[in-house]
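Numbering (our numbering), first residue to last: 208 to 751.
Here is the structure we will look at, set down as structure tokens.
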């Protein structure tokens, strides 16, 4: 099965599909599936555009609305996860996943599906420690705080994914799992992104939550985006029991959709020829959703997941054969994802712009149908009820702001906050509020290229179940051994070569977007509000 993987999409669907069409003409055959690793930007109208956490100058309608309206149809089945620059109000309608347009499927806050026998999982958003233990309390209309916290990963989603026992073939995340850079070519990565050096050496770059999932799930492939650079790695996992074959994960991160950038890769991935060629629900994942329904939290209060510490009556929510059989019967033994897309909001009309379009907290009929069939709670219905009873969306506004700016104590289960981008990435969009957070951790002696990030000295209080149990390579300092031709041995030492399912090198130059546009030969430097550590480029090249 030929699978295309894209990095940050930024709403450039036309250009991505055009590039795929070119690849099909030049390559051995058609692409069967497209996977997008976040910043998809499913913007339907002007109201959606206002819900995207980017400065106003980056709010462009792009081309998704044409697929939403039916003017165009995706030529290949497209699956995607959310990133940190999304039409958050649109994706919030589909917390368990669903169609955002015909042939374009969102995996939800976290999700697992199957296609042609290939098991694909993913988690949306990025890691931010101060929001990690909160519930999903945000709802439209968002304020200056919730428009950012809405896309922050929550512990409940990670907890659900860690209940999975059956093997995962492909996993998607927007931000990178922390420490994955130690299993690839660090020298080449830091040659391209020198401003990552301090955090790579301190092992603070990336998401610790994604790192936990990588260690637990051990998928065959893991694809990410967010940092706007192509990077391949091979992580050899340790076998839990003697006699077991140790599994390995092939990691690939890709750039953003711009001309002459490494934003697209096509791989040959093994599949089951007898499996159906339509999208299917995953029975183990559905069973876990049903089992964890009572854990849904729609408040901004900090809370912990159940664990085996004597304080909880139940801490294991993994799927049993009996419970999976029960769920299968509820679905009448039909796991096909229904093609039940429907238009839920007015579509953008270039001839009739509506800058004052009202923002509404909608209940999506796809989610209503899914929850009724499975017997679980629609988070948005719960939110609306709570809002009516307790004014939840306003009640936690002040609390969220206080906790977000509290530097005296890190209440996260993880002791280091990497925020949206833990390094100052000249390719990334930085919101004013996020700049303040970044400035609080950047040394006053930092220059444009080498921001210094101080690791937290506070002792970690989270349980062993959330600790980083992976054994890292012996050296985390970039050395002369990290060469382009280095390999990854069985002990997980750094290396730069990763092969796809058909033996192709994932570090080969991938397809790039076709365009007459040209990037500036030199990047202009501008001063940020507090620290002169943020390099900017022209608007077209600066979207993150």
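We put the CB at the ideal spot given by N, CA and C, even for glycine.
Classify residue 256: buried if its beta carbon has 16 or more other beta carbons within 10 angstroms, exposed otherwise.
buried
DSSP beta-bridge partners of residue 769
The structure shown does not extend to residue 769, since the chain spans only 208 to 751, so no value can be given for it.
Can you give me the C-alpha to C-alpha distance between residue 241 and residue 516, rounded to a whole angstrom?
42 Å
Measuring only the C-alpha atoms, how far is residue 593 from residue 387?
40 Å
Can you look up residue 577 in the DSSP assignment and give me helix, strand or coil?
helix
When burial is assigned at 16 or more other CB atoms within 10 Å of the CB, is residue 561 buried or exposed?
exposed
Taking the straight line between their C-alpha atoms, what separation do you get for residue 252 and residue 233?
36 Å
Going by beta-carbon coordinates alone, are residue 487 and residue 532 separated by less than 7 Å?
no
Assuming residue 302 contacts residue 586 under a Cβ cut-off of 8 Å, what Cβ separation, rounded to an integer in Å, is found between them?
5 Å
Is the CB-CB distance between residue 462 and residue 435 below 7 Å?
yes
The alpha helix (DSSP H) enclosing residue 254, as first and last residue numbers
253-257
With 16 other CB atoms within 10 Å as the buried threshold, where does residue 214 fall?
buried
Do you know how far the Cα of residue 401 is from the Cα of residue 437?
14 Å
Rounded to whole angstroms, how far is the Cβ of residue 359 from the Cβ of residue 376, which I believe are closer than 8 Å?
No, residue 359 and residue 376 are not in contact; Cβ-Cβ is about 27 Å, not under 8 Å.
Is any non-hydrogen atom of the ligand HEM found closer than 6 Å to the C-beta of residue 248, if you look at the structure I gave you?
Here there are no bound small molecules, and the ligand HEM is not part of this structure.
By Cβ distance below 7 Å, which residues in the same chain neighbour residue 612 in space, the five residues on each side in sequence not counted?
A caution first: residue 612 carries a pLDDT of 35, below 50, which makes its placement in the model too unreliable to give a value.
Let me confirm a value: residue 382 is counted as buried when at least 16 other C-beta atoms fall within 10 Å, else exposed. Which label applies?
buried
Excluding sequence positions up to five away, which residues of its chain have a Cβ less than 7 Å from the Cβ of residue 597?
none
In chain order, what residues of the same chain have a beta carbon less than 6 Å from the beta carbon of residue 578, not counting five sequence neighbours either side?
585
Please state whether the Cβ-Cβ distance between residue 425 and residue 454 is less than 7 Å.
yes
Exposed or buried, what is residue 717 when buried is set at 16 or more other beta-carbons lying within 10 Å of its beta-carbon?
With a pLDDT of 49 at residue 717, under the threshold of 50, the modelled position of this residue cannot be trusted; read the value that follows with caution. Buried, by the Cβ-count rule.
Burial state of residue 664, where buried means 16 or more other Cβ atoms lie within 10 Å
For residue 664, the predicted structure reports a pLDDT of 37, less than 50, and the residue's modelled location is therefore unreliable. The matter cannot be settled from this model.
Does the contact criterion of 3 or more C-beta pairs under 8 Å hold for the segment 258-275 versus the segment 306-326?
yes
Counting only beta-carbon atoms, is residue 470 nearer than 7 Å to chain C?
Any reference to chain C falls outside this structure, which holds one protein chain only.
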